[in-house]
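Only one structure is covered here, and it is reproduced in the block below.
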Amino acid sequence: MPGLPGLLFRQIQVNFSYFYSLCPIYMIHPRNRNHSMRYSQYLLPTLKESPADAEIISHQLMTRTGMIRKVAAGIYSYMPFGLRSIRKVEQIVRDEMNRAGAIECLMPMANPAELWKESGRWEKYGKELLRFKDRKETEFCMGPTHEEVVTDIVRNTVNSYRQLPLNLYQIQTKFRDEIRPRFGLMRGREFIMKDAYSFDLEETDADTSYEKMYQAYRRIFERCGLKFSAVEADSGAIGGAFSHEFMVLAESGEDAIVSCGGCEYAANVEKAEVRVSAEAAAAPAQALAKVETPNQKSIEEVANFLKVPADKLVKTLIVQTDSDELVAVLLRGDRELNEIKLLNFLGCDWVVMAEEAEVVKATGAPTGFAGPVGLKLRIIADNEVRQMSDFVIGANEKDVHFTGANLERDFKVETFADLRQAVAGDPCPRCDGRLESWRGVEVGHVFKLGTKYSEAMGATVLDDQGHSRELIMGCYGIGIGRTVAASIEQNHDDNGIIWPMPIAPFQVLVVMLNPNDDAVRGAAESLYAELLELGVEVLLDDRDERPGAKFKDADLIGIPLRVTVGARGLKQEQVELKARAGDEIEMLALTEAAVRLRARVDAAL
RNA sequence: CGGAGCGUAGCGCAGCCUGGUAGCGCGCCUGGUUUGGGACCAGGAUGUCGGAGGUUCGAAUCCUCUCGCUCCGACCA
10 MPGLPGLLFR QIQVNFSYFY SLCPIYMIHP RNRNHSMRYS QYLLPTLKES PADAEIISHQ
70 LMTRTGMIRK VAAGIYSYMP FGLRSIRKVE QIVRDEMNRA GAIECLMPMA NPAELWKESG
130 RWEKYGKELL RFKDRKETEF CMGPTHEEVV TDIVRNTVNS YRQLPLNLYQ IQTKFRDEIR
190 PRFGLMRGRE FIMKDAYSFD LEETDADTSY EKMYQAYRRI FERCGLKFSA VEADSGAIGG
250 AFSHEFMVLA ESGEDAIVSC GGCEYAANVE KAEVRVSAEA AAAPAQALAK VETPNQKSIE
310 EVANFLKVPA DKLVKTLIVQ TDSDELVAVL LRGDRELNEI KLLNFLGCDW VVMAEEAEVV
370 KATGAPTGFA GPVGLKLRII ADNEVRQMSD FVIGANEKDV HFTGANLERD FKVETFADLR
430 QAVAGDPCPR CDGRLESWRG VEVGHVFKLG TKYSEAMGAT VLDDQGHSRE LIMGCYGIGI
490 GRTVAASIEQ NHDDNGIIWP MPIAPFQVLV VMLNPNDDAV RGAAESLYAE LLELGVEVLL
550 DDRDERPGAK FKDADLIGIP LRVTVGARGL KQEQVELKAR AGDEIEMLAL TEAAVRLRAR
610 VDAAL
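Residue numbers for the first sequence follow the numbering used here, beginning at 10 and rising by one.
Pasting the structure below:
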């Protein structure tokens with residue numbers, strides 16, 4: 010039996026290494042200090058040319074810096090340099106999730122079909138869900154998200170309201186078999202995602218859980234150094250609950266956003282409301298008249314042919330719903346249908362534009378000539394149509410349109426609704442301002458789910474009255490890789506990446522200008538060692554390359570602080586500091602360089 | 001899924017139309033020179049031309065099939 014001091018000592022040792030095992034990577038474990046962060050031995054395969062398939066900046070730069078390597082369409086290996094940045098973002102996410110009271114877990118990538126059949130999504134999810142069978146022919150899918158699994162966990166382990174609130178999160182690789190993967194990590198099929206799921210009994214508590222996540226997300230993206238905006242998003246067919254997307258501003262963004270210059274309102278165009286103006290339609294001035302429009306099918310063609318502006322046309326879209334009903338949707342000629350709004354209005358999961366044959370059957374004319382007059386279909390119209398008069402519509406007859414069409418007099422509409430896509434210049438739905446539009450990358454999404462899954466899968470707990478009640482859920486996602494990519498979209502110049510310190514793969518790059526010069530080598534090596542000792546994440550460029558090549562690589566990989574150790578500076582016992590983000594060059598005394606750099610790093614974190 | 005295109009050395013590409021056993025640039029290796037913004041000289045290695053089948057004396061090249069990848073579209077009647 011060991012004596013007390015021995016036990017204590019052992020205990021301390023155990024705790025010590027345990028402590029380090031929990032450390033974020035930027036706190037270097039003493040055992041790891043000797044690990045080579047020498048460029049000559051590190052794997053950083055930079056490319057002068059960017060690969061042919063990289064379209065957007067972040068994809069080009071991530072490939073050129075050797076952060077990622079493509080393995081298959083939408084599937085990438087994270088190379089050492091890229092992984093460091095990924096891990097930084099993960100760590101920031103972890104910090105803030107933990108701070109907000111969420112608990113980390115890790116669910117499997119392979120999900121049994123059984124659970125997905127229970128929620129109904131095995132049928133609903135479509136081809137994005139990658140399905141496969143094991144050797145026993147049991148069906149599985151790669152998890153694209155984990156509501157089913159987490160709900161299963163909770164229903165089996167949480168029985169009482171006393172265990173609530175509960176928020177479980179994981180940082181996991183997801184798989185979605187995207188129709189069109191593109192833009193590198195921006196839209197991959199396999200990607201790392203943080204997903205969290207909250208469980209509450211009361212609506213107000215669920216709202217609190219949502220609010221906590223919303224605030225945590227703000228902190229996360231602020232800490233990552235991103236310019237972002239939280240916008241109202243569509244909550245889909247799941248219900249009227251609320252949802253926000255966190256959008257990073259970037260021209261290459263796949264989402265269109267509108268926001269108001271005058272107030273806080275910001276929304277995805279999928280969601281953005283269009284305010285109905287009070288303006289009434291002018292009284293009909295023209296009679297309904299047939300005009301020949303040979304082969305003039307599109308709005309543009311008809312408008313040009315009849316020499317009227319597109320906003321004097323009304324287009325009639327024939328859509329087919331998931332219950333096989335055909336519906337006619339009327340929109341002002343120059344407007345676009347917002348399909349999400351239509352889905353929500355009809356309560357459908359999907360609609361498609363009707364096939365040519367269906368259109369012919371329903372309207373008696375080929376596509377391009379559909380109109381509401383005499384049409385035996387359900388007719389719904391965008392609010393704006395109500396304010397139009399003497400407009401042009403299809404006549405349900407090949408090569409014929411009507412001019413001078415008017416509501417009520419010539420045809421009736423079952424319902425008016427907000428169905429069109431918002432555009433820049435529209436009045437703000439909240440104030441007197443006008444909407445502006447811009448593009449963003451969706452890096453995070455917070456979503457109040459309600460009881461969809463708890464109901465389908467029987468996730469209930471007993472409340473303080475002993476009654477069994479369904480849990481109210483929320484789900485909260487962050488695309489980790491996409492966040493890194495979005496950061497590069499925002500932080501780069503012609504020469505390469507300009508990392509914000511908090512997510513930079515390394516904090517300091519020491520450039521040893523001429524490794525064959527003993528004085529230079531010695532000074533750079535000892536500065537490197539000192540920085541390691543101070544816990545600075547440092548990469549030492551000790552390659553026997555010409556200075557030009559080293560500087561070019563330094564700019565490309567974008568480490569925030571670059572220290573050049575060269576014969577020129579050493580004559581004055583100095584090294585040269587340059588921030589990647591600026592132009593100024595600062596000379597540091599060799600003796601205090603390490604400490605100064607540590608301070609610069611801390612100031613930027 | 002519809003349309004278009006591309007698969008030739010690690011990367012970027014030429015060669016294909018008009019069949020005759022494969023080339024350029026970058027990178028890589030060796031030696032030398034060079035060392036503050038992608039150096040130079042000399043020498044060198046590297047390809048089942050995505051795969052299968054066919055036509056042919058002969059196929060990277062022509063034909064068929066197949067696999068992979070990329071782009072555009074998938075509401076604007």
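Even for Gly, the Cβ is constructed at its ideal location relative to N, Cα and C. Computed from a predicted structure; not experimentally measured.
Which residues mark the beginning and the end of the alpha helix (DSSP H) in which residue i is found?
i: G91; result: 89-108
i: G488; result: Run containing G488: none in the alpha helix (DSSP H); it sits in the beta strand (DSSP E), 481-488.
With DSSP as the reference, label residue i as helix, strand or coil.
i: A246; result: Low confidence applies to A246: its pLDDT is 47, below 50, so where it sits in the model is not reliable, and the reading given next is rough at best. Correct three-state label for A246: helix.
i: V167; result: coil
i: Y48; result: coil
i: L315; result: helix
i: S59; result: coil
i: R189; result: coil
i: K221; result: helix
i: H68; result: helix
i: E498; result: helix
i: V422; result: coil
i: V493; result: helix
i: W359; result: coil
i: A433; result: coil
i: L599; result: helix
i: N120; result: strand
i: W125; result: helix
i: T213; result: helix
i: T469; result: strand
i: N504; result: coil
Throw me the rounded Cβ distance for the residue i and residue j pair, which I believe falls under 8 Å.
i: I84; j: I487; result: Wrong, their Cβ atoms sit about 20 Å apart, outside the cutoff.
i: E617; j: D408; result: The shown model of the chain, from 10 to 614, leaves out residue 617, and the question about it has no answer.
i: L322; j: A337; result: Wrong, their Cβ atoms sit about 15 Å apart, outside the cutoff.
i: V257; j: K236; result: 7 Å
i: G193; j: M71; result: 6 Å
i: R93; j: P511; result: Not confirmed; about 12 Å, so no contact.
i: P375; j: F420; result: The pair is not a contact, with the Cβ atoms about 20 Å apart (cut-off 8 Å).
i: V455; j: Y226; result: 6 Å
i: D204; j: Q224; result: About 18 Å separates the two Cβ atoms, so there is no contact after all.
Could you tell me the distance, in whole angstroms, from the CA atom of residue i to the CA atom of residue j?
i: L16; j: A109; result: For L16, the predicted structure reports a pLDDT of 41, less than 50, and the residue's modelled location is therefore unreliable. A value from the coordinates is still provided. Distance between the alpha carbons of L16 and A109: 36 Å.
i: N7; j: R130; result: No answer is possible for residue 7: it lies beyond the span of the chain, which begins at 10 and ends at 614.
i: G413; j: K316; result: 14 Å
i: Q581; j: E601; result: 13 Å
i: V167; j: E365; result: 53 Å
i: Q354; j: V422; result: The residue asked about is misnamed: residue 354 is Phe in this sequence, not Gln. Answer to the nearest angstrom: the Cα atoms are 15 Å apart.
i: D391; j: L326; result: 11 Å
i: D331; j: G544; result: 59 Å
i: I507; j: A576; result: 27 Å
i: N298; j: A404; result: A small fix is needed here, since residue 298 is Ala in this sequence, not Asn. Whole-angstrom Cα-Cα distance: 10 Å.
i: V102; j: K306; result: 52 Å
i: S238; j: L522; result: 42 Å
i: E254; j: A588; result: 33 Å
i: T213; j: E309; result: 51 Å
i: Q583; j: K57; result: 31 Å
i: P89; j: M76; result: 7 Å
i: D264; j: A494; result: 15 Å
First and last residue of the beta strand (DSSP E) that includes residue i?
i: H476; result: First-last for H476: undefined, no H or E at that position.
i: A608; result: First-last for A608: 602-613, but that is the alpha helix (DSSP H), not the beta strand (DSSP E).
i: Q583; result: 583-588
i: F411; result: 409-414
i: F141; result: 140-142
i: R198; result: Premise fails: R198 is in no beta strand (DSSP E) and is neither H nor E.
i: M466; result: Careful: M466 lies outside any beta strand (DSSP E), inside the alpha helix (DSSP H) at 461-466.
i: R130; result: Taken as a continuous stretch (DSSP letters only), R130 belongs to no beta strand (DSSP E), being part of the alpha helix (DSSP H) at 130-133.
i: A239; result: 237-241
i: M76; result: That residue, M76, is in no beta strand (DSSP E); it is neither H nor E in DSSP.
i: K580; result: No beta strand (DSSP E) holds K580; DSSP gives it neither H nor E.
Self-check item: Secondary structure, alpha helix (DSSP H): runs of 4+ residues fully inside the stretch 512-576
Solution: 527-542, 556-566
Self-check item: 3-residue-minimum beta strand (DSSP E) runs that sit fully inside the stretch 362-402, ordered along the chain
Solution: 387-391
Quiz item: Which full runs of the alpha helix (DSSP H) of 4+ residues lie inside the stretch 286-332, going along the chain?
Solution: 308-315
Quiz item: What runs of the beta strand (DSSP E), each 3 residues or longer, lie entirely inside the stretch 252-279?
Solution: 252-258, 264-269, 275-277
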